[in-house]
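First residue of the sequence shown? That's 4 in my numbering, and the numbers climb one at a time after it. Cβ coordinates follow ideal geometry from the N, Cα and C atoms, glycine included. A short worksheet on the structure shown next.
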Amino acid sequence: MQLLDLGPDHHIVEAGTGTGSLTLHLARVVSGGSGGRILSIDLRASHTIHAENFVARFRRGRYRDSIDFVTGDLGEVLAARYTSRVVDGVVLDLLNPWAYLEAVSRVVKPTARSSCIKLLDEIRVHRLPLVFDKALEVTQREWDLRPVKIKWPEMKTGGATEETTEVVGATGADGSANVATPEPKAAERSEGDAALADSTASAEVLPNAIATVAAVAPRTGLPTSVDWICRPVNHATGHTAFLLKLKCIARDEA
């Protein structure tokens with residue numbers, strides 16, 4: 004949404020209404036003035052109905068009047084509604100956004116933005132008045148946070164080696180738990196997962212409930228030297244998407 008450089012009174016087209024969450028965020032940005040509008044289009048009537056109800060329930064429908072929900076094909080809706088370039092930005096949340104680039108290029112203002120999942124071939128083949136601006140990869144990486152009770156085996160043996168995990172700071176005076184900071188071998192420092200996995204060698208993993216109580220109320224008799232291991236999860240659960248930012252130019256500049 005930030006790629007569109009939105010502001011009050013802007014006219015935005017959203018293709019792919021879905022649940023209506025993005026629609027609502029767009030409406031909140033453009034409704035600061037008196038003429039901001041969102042046209043949200045989806046092929047499925049069930050999506051349109053759900054999104055309308057969702058927006059109507061949010062803050063008693065505060066942004067409902069700023070949104071026009073339409074069920075239909077994006078190209079057909081744009082052709083029926085617009086005869087000139089009056090749209091300030093377009094969001095193409097579709098499986099095949101390249102199929103609608105030509106229709107979009109006819110209604111967006113010069114310098115207007117379109118933030119969409121890529122293909123540039125359609126622009127090149129059909130010589131559309133769109134130019135590449137920026138490509139971004141959006142990722143999510145899940146992390147695992149585990150409470151541990153440090154056993155300090157290095158201290159009992161009278162010294163630590165290069166391979167030993169060093170845990171800095173125990174529970175603070177206010178009862179808050181500090182984060183366990185591993186110190187891996189030099190050869191392993193580029194391998195985050197392997198280095199962090201070694202940190203459990205000198206620690207006992209505790210249930211989250213026990214660690215939470217110990218951190219909040221250390222005088223209850225529960226373990227007080229509760230620290231935390233932080234590391235990426237072993238299995239890949241993150242979501243990755245590629246966004247392509249396009250800029251509309253006047254035909255004589257293409």
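Short Cβ contact (9 angstroms threshold) for residue i with residue j
{"i": "residue 77", "j": "residue 18", "result": "yes"}
{"i": "residue 25", "j": "residue 58", "result": "no"}
{"i": "residue 86", "j": "residue 252", "result": "no"}
{"i": "residue 247", "j": "residue 135", "result": "yes"}
Nearest candidate by alpha-carbon position, reference residue i, set the options
{"i": "residue 94", "options": "111, 87, 148, 39", "result": "111"}
{"i": "residue 129", "options": "106, 10, 146, 248", "result": "106"}
{"i": "residue 21", "options": "46, 70, 250", "result": "46"}
{"i": "residue 69", "options": "99, 31, 53", "result": "31"}
Boundaries (first-last residue) of the beta strand (DSSP E) holding residue i
{"i": "residue 92", "result": "90 to 95"}
{"i": "residue 16", "result": "14 to 18"}
Residue i - partner residues in DSSP beta bridges
{"i": "residue 71", "result": "42"}
{"i": "residue 136", "result": "DSSP output for residue 136 lists no bridge partner at all."}
{"i": "residue 149", "result": "232"}
Cutoff 7 angstroms; reference residue i; Cβ partners in own chain excluding five residues on either side
{"i": "residue 148", "result": "231, 233"}
{"i": "residue 13", "result": "33, 39, 91, 92"}
{"i": "residue 48", "result": "74"}
{"i": "residue 67", "result": "58, 59"}
{"i": "residue 123", "result": "135"}
Endpoints, the alpha helix (DSSP H) within which residue i is located
{"i": "residue 79", "result": "77 to 84"}
{"i": "residue 52", "result": "48 to 60"}
{"i": "residue 123", "result": "Counting along the chain, residue 123 falls outside any alpha helix (DSSP H), and DSSP gives it neither H nor E."}
{"i": "residue 236", "result": "Premise fails: residue 236 is in no alpha helix (DSSP H) and is neither H nor E."}
{"i": "residue 106", "result": "104 to 108"}
{"i": "residue 22", "result": "First-last for residue 22: undefined, no H or E at that position."}
Spatial neighbours of residue i in its chain, beta-carbon cut-off 6 angstroms, leaving aside the 5 residues before and after
{"i": "residue 44", "result": "18, 73, 77, 80"}
{"i": "residue 125", "result": "101, 104"}
{"i": "residue 96", "result": "19"}
{"i": "residue 139", "result": "246"}
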